[in-house]
Each structure stands twice: as C-alpha cells, then as structure tokens.
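If you want our numbering, it's the 1-based position in the sequence shown plus 11.
Quick reminder that beta carbons are idealized off the backbone N, C-alpha and C, glycines included.
Please read the structure below before turning to the comments.
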Amino acid sequence: MRIGLFAVGRLKAGPEKDLAGRYLDRFAKAGPAVGLELARVVETAESRAVNAETRKREEAGQLEKALADGSLLVLLDERGKALDSEAFARLLGTLRDSGKRDLMIAIGGADGLDPALHARADAVLNLGKMTWPHQLVRILIAEQLYRAVTILSGHPYHRA
C-alpha cells in the first residue's frame with residue numbers, strides 16, 4: 012500500500028525538516044518489506060480566507076485534489092482516537108490488507124479539518140491531548156510510520 016502525507020503548511024529548511032526527512036527515509040527503505048511504501052508528501056499553503064470555516068473548506072479542497080481515486084484517508088485531529096504505537100501498526104496492517112492501494116494521512120491547518128473530511132475519513136487519530144504545531148506533527152507521524160514498520164516486521168527498534 013502506498014502511503015502519502017498531506018500537510019497544510021510547508022516545512023522550511025532546518026532541523027524539523029531534516030528530522031522528518033530522516034524518519035520518512037527510514038520508512039521508505041524499510042516499508043516495502045511489509046507491503047508499505049512512501050508515495051509522496053504533499054504540502055499546501057494555508058488558506059488566506061477571512062474566516063475559519065472557509066479556510067478549512069479551501070484546505071479540504073486541496074486535500075481532495077491530492078487524493079487518489081478510492082484512497083483511504085486518515086486524519087490527524089486533536090479530537091481523534093488515541094492509539095499506542097502497536098495499535099497504530101495494527102491499524103496500518105489492517106488497512107494494508109483491506110485491498111486498497113492508497114492511503115493518505117492528513118495534517119490540517121491551524122483551524123483544523125473540514126467536517127466533510129471527518130465524514131469521509133476511514134480513521135481520525137490524535138497524537139495526544141496536547142496541541143502540536145504542524146512541524147512537530149510531521150516529525151511525530153513520520154517517526155510513527157517508521158516505528159509501525161519495525162513493529163510489523165519484528166525489528167527490535169520498538170521495545171515495548
């Protein structure tokens with residue numbers, strides 16, 4: 012299954028981009044052994060609309076354009092379900108085995124994600140109860156993708 016990351020906001024050159032890139036590179040190298048591959052990272056600028064609802068709707072439109080036909084969608088949202096790393100790995104394994112070819116994991120903008128995306132999503136997850144800036148969310152999800160691959164493959168990186 013091809014996994015893509017969609018992010019509202021762009022990572023500028025610096026330590027955050029380097030660290031996210033390091034984990035995505037590890038994921039890209041280790042993932043194919045368990046049937047997961049890094050498809051792409053799509054960054055879109057934050058909407059400049061005057062109100063939050065319009066901004067969320069415009070950003071959702073950008074995500075819809077980036078989705079492959081029939082793609083699974085996982086949203087990262089503070090009101091989503093919290094999973095530990097092993098449960099996240101199991102979820103990825105289950106989605107991989109569902110027969111769908113593509114999965115997009117979406118990181119919303121500062122205003123969150125449009126309700127229409129929530130209605131369409133296959134899963135809505137959070138990375139903890141705290142609110143994180145999108146730069147750190149990108150690092151966290153990149154590391155968790157790599158960690159999930161190591162869990163699925165039995166690699167000792169994850170010591171639970």
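- If you draw a straight line from the Cα of A18 to the Cα of G123, it comes to about 11 Å.
- Per DSSP, reduced to three states, the secondary structure at K92 is strand.
- Between G104 and L35, the C-beta spacing is not below 9 Å.
- The Cβ atoms of L136 and V148 do not sit closer than 9 Å to each other.
- Boundaries cannot be given for D108, as no alpha helix (DSSP H) includes it and DSSP labels it neither H nor E.
- In this structure, E48 keeps its C-beta atom at 9 Å or more from the C-beta atom of I150.
- DSSP places E27 inside the alpha helix (DSSP H), whose first and last residues are 26–41.
- By the C-beta density criterion, M141 is exposed, having fewer than 16 other C-beta atoms within 10 angstroms.
- The closest CA to that of A153, considering only L86, A41, G32, is found on G32.
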